[in-house]
Amino acid sequence: MKIKSGIIILTVLLVGSLMLTPALGSTTQAGYQTKSLTKNLETVTVDFIDCTGAIPVKKEITMSKAEWNIITDELQSIATSETTMNGKFAAQLSVFQKHHLVSQGANIDALLVKFNKKTNNGLFRSLQERVPKSLPINNSIFSALSAISFSLENENGSTLVFGLNTFINIIGFNIVSIHKGYATNGIQTNGLISSSVPPGEYAGFIFGFFGYWFGEKISTGVYSNLTVAGLAIITAWVPVS
């Protein structure tokens, strides 16, 4: 009788262990999947600023870190593949529309007409004729009436970028903005004066901006991972050692 009881107890233990092992495995797998899902769903909150209207329109957007990286990569590929101002701006707009940052109703032809109409202003034309065609500094960049794109961050990729966003608007232009940070893929312009500089630490300004920028806001005028894509009347950048 004792032998039979022992056999019964042993059988129960074996069956219980067989049921418990898969359950533990499922729990471990579920825990791993939860951690992986949490990692994959890491989000960032960004300011997205539309500078194509009479005044800049800013909205706060939360997106996944993965999508943020995809957008910046796609914009960077445009910077190196497009060779004309209009082509570059059109491709930039399509990226923002693809990721639902800009309305599908935004029309590239209408935007270009608006930009050209604004830049026919006598003051802007006079400025473009008077400014120098280059800067006497190595790895500097100067451009007029051009498409521009760049991404700025701290050199170690983790902290901050300074952007003094004055947003003084005259006839629909963000007249001046001043920036400083590490250009992860350099800075490229395509237009009346086309140029590019390699990755590095830069300080620069944009006069008369027409387009879009977005970045992780740390505080007023300070962003992390700031990305700018659009058209500029005048822009100049110099390396900062």
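Counting in numbering that gives the first Met the number 0, the sequence shown runs from 0 upward without gaps.
We treat Cβ as the ideally placed atom computed from N, Cα and C, and that holds for glycine.
Quick one: is E59 buried, meaning 16 or more other Cβ sit within 10 Å of its Cβ, or exposed? The residue is exposed, with fewer than 16 neighbouring Cβ atoms inside 10 Å.
Considering only C-alpha positions, which residue in the set T183, T51 and V43 is nearest to L110?
-> Taking L110 as reference, the option from T183, T51 and V43 with the minimal CA-CA separation is T51.
- Message: If contacts are defined as beta-carbon pairs under 8 Å, then G207 and I177 qualify, I think. What distance do you get, rounded to the angstrom?
- Response: The C-beta distance from G207 to I177 rounds to 14 Å, too long to meet the 8 Å contact threshold.
- Sheet register partners of G203 (DSSP bridge): In the DSSP assignment, the residues bridged to G203 are H178 and W236.
Y31 by DSSP, collapsed to three states: which one? Low confidence applies here, because Y31 scores a pLDDT of 43, under 50, leaving its location unreliable; read the following figure in that light. Three-state result, Y31: helix.
inquiry  = So the candidates are M84, I217, D49 and S150; which of them puts its Cα closest to the Cα of W67?
reply    = The shortest C-alpha separation from W67 is found at S150.
- V112 burial status per 10 Å Cβ neighbour count (16 or more: buried): Exposed: under 16 other Cβ atoms inside 10 Å.
If you drop the 5 nearest sequence neighbours on each side, which residues of the same chain put their C-beta closer than 6 Å to that of W212?
Contacts found: I48 and V227.
Exercise. Out of curiosity, what's the CA-to-CA distance linking G203 and T71?
Worked result: Roughly 20 Å between the two C-alpha positions.
Please go through the same chain and pick out, in chain order, the residues whose beta-carbon is closer than 6 Å to the beta-carbon of L230, but skip the five residues on each side of it. If you ignore the 5 residues before and after L230, its C-beta comes within less than 6 Å of the C-beta of F88, F114, A146, F209 and G210, all in its own chain and listed in chain order.
Just list the residues that DSSP pairs K87 with in beta bridges.
DSSP output for K87 lists no bridge partner at all.
Euclidean distance between Cα positions of G86 and L40:
Cα to Cα, G86 sits roughly 33 Å from L40.
message: At the level of alpha carbons, what is the spacing between A182 and N119?
response: The straight-line gap from Cα to Cα measures roughly 31 Å.
What does DSSP give as the partner residue(s) for L40 in the beta ladder? L40 pairs with nothing; no bridge assigned.
| At which residues does the alpha helix (DSSP H) containing Q103 begin and terminate? | Judged by DSSP secondary structure, Q103 falls outside any alpha helix (DSSP H); it is assigned neither H nor E.
**Asked** Going along the chain, which residues of its own chain have a beta-carbon closer than 6 Å to the beta-carbon of W236, five neighbours each way excluded?
**Response** Residues I140, I186, Y201 and G203 of the same chain have their beta carbon placed closer than 6 Å to that of W236, with the five preceding and five following residues left out of the count.
**Item:** CB contact flag (V75, N189, <9 Å)
**Value:** The sequence shown places Gln at residue 75, not Val. A distance of 9 Å or more separates the beta carbons of Q75 and N189.
Around the Cβ of A53, are there at least 16 other Cβ atoms within 10 angstroms (buried) or fewer (exposed)? Flag for A53 reads exposed.
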